[in-house]
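Visitor: Counting from 1 along the sequence shown, just add 534 to a position and that's the residue number in the working numbering. Cβ atoms here follow ideal geometry from the backbone N, Cα and C, with glycine treated the same way.
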Amino acid sequence: MEKAKQYLLDTQMPISETALQIGFEHQSSFCKAFKRQFLMTPVEYRNSR
Numbered sequence: 535m536e537k538a539k540q541y542l543l544d545t546q547m548p549i550s551e552t553a554l555q556i557g558f559e560h561q562s563s564f565c566k567a568f569k570r571q572f573l574m575t576p577v578e579y580r581n582s583r
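#1: Determine the direct distance from the alpha carbon of Ser550 to that of Glu578, and round the result to whole angstroms.
#2: Once DSSP output is grouped into helix, strand and coil, what is the label at Glu551?
#3: With distance defined between alpha-carbon atoms, name the residue in Gln561, Phe568 and Ser562 nearest to Glu536.
#4: When burial is assigned at 16 or more other CB atoms within 10 Å of the CB, is Pro576 buried or exposed?
#5: In the DSSP assignment, the alpha helix (DSSP H) including Gln540 goes from what residue to what residue?
Put into structure tokens, the structure is as follows:
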């Protein structure tokens, strides 16, 4: 998930591509796992920078 955080902050890669890059087949599974770990969605995290 640390790699996902790096992608979200350092690139404009779509969330779906970020999910694939770190091993999630589905964007929805990635978003749920990210929110469970960081208490915000990937989009919220990206926008918080």
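Guide: Short version:
#1: For Glu578 and Ser550, the distance between alpha carbons rounds to 15 Å.
#2: helix
#3: Closest by alpha carbon: Phe568.
#4: buried
#5: Start and end: Glu536 to Asp544.
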